[in-house]
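Novice: The working numbering runs 308 ahead of the 1-based position in the sequence shown. Yeah, the Cβ is synthetic: ideal placement off N, Cα and C, and Gly gets one too. As the structure is a prediction and not an experimental result, all values here were calculated from the model. Can you keep this structure in mind? I'll have questions shortly.
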Amino acid sequence: MESQDLKKAGLKVTLPRMKILELLENSDDRHLSAETIYRQLLEGGEEIGLATVYRVLTQFEQAGLVNRHHFEGNQAVFELERGRHHDHIICVNCGRVDEFMDSVIEERQKAIAEKFGYTIKDHALTLYGECNKPDCPNREKA
Ligand SMILES: [Zn+2]
Ligand SMILES: [Zn+2]
Numbered sequence: 309m310e311s312q313d314l315k316k317a318g319l320k321v322t323l324p325r326m327k328i329l330e331l332l333e334n335s336d337d338r339h340l341s342a343e344t345i346y347r348q349l350l351e352g353g354e355e356i357g358l359a360t361v362y363r364v365l366t367q368f369e370q371a372g373l374v375n376r377h378h379f380e381g382n383q384a385v386f387e388l389e390r391g392r393h394h395d396h397i398i399c400v401n402c403g404r405v406d407e408f409m410d411s412v413i414e415e416r417q418k419a420i421a422e423k424f425g426y427t428i429k430d431h432a433l434t435l436y437g438e439c440n441k442p443d444c445p446n447r448e449k450a
């Protein structure tokens with residue numbers, strides 16, 4: 309299944325590409341830095357260099373397989389292009405990333421663009437906050 313995705317994107321099937329795509333497809337966390345991907349591959353017993361991980365991710369990005377996000381205060385993270393638009397909310401303390409899609413916000417953006425005489429081609433909305441999750445490292449311990 310993964311090798312077909314590579315061919316569809318016009319990329320030759322190589323072991324590093326297969327391994328990285330597999331990891332992106334199977335990870336619970338949908339937004340991963342190159343370092344995290346590298347570490348997880350090493351932990352899984354793969355012999356791969358960080359430079360290779362970066363190179364493959366850049367190739368994936370150019371082929372439209374993944375999106376690269378530069379969230380403020382974080383290293384770039386990569387996520388598989390799943391063809392479903394969504395926006396992001398980020399914890400400034402722990403770097404957690406959640407996804408949302410709100411049709412009211414989407415419609416408002418269209419209306420605002422129209423008002424200014426634009427047709428929206430693309431947009432990225434990122435909210436920055438402090439998460440309330442108990443395991444956030446900067447959360448005050450009770
Ligand atoms: Zn996302
Ligand atoms: Zn947090």
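Quick check on Y436: does DSSP put it in helix, strand or coil?
Specialist: Of the three classes helix, strand and coil, the one that applies to Y436 here is strand, per DSSP.
Novice: What ranges does the alpha helix (DSSP H) occupy inside the region 314–368, keeping only unbroken runs of at least 4 residues that lie completely in it?
Specialist: As far as the region 314–368 is concerned, its whole alpha helix (DSSP H) runs of at least 4 residues are 323–334 and 342–351.
Novice: D410 and I397 - do their beta-carbons sit closer together than 8 Å?
Specialist: No, they are not a contact pair.
Novice: State the Cα-Cα distance for the pair V412 and D313, rounded to the nearest angstrom.
Specialist: Between V412 and D313, the C-alpha separation is close to 33 Å.
Novice: Whose CB is closer than 6 Å to a heavy atom of ligand 1? List the residues in chain order.
Specialist: Going along the chain, the residues that qualify are R338, H339, E387, H394, H396 and E407.
Novice: Counting by C-beta, which residues lie closer than 6 Å to a heavy atom of ligand 2, in chain order?
Specialist: For ligand 2, the selected residues are C399, N401, C402, R404, C439, K441 and C444.
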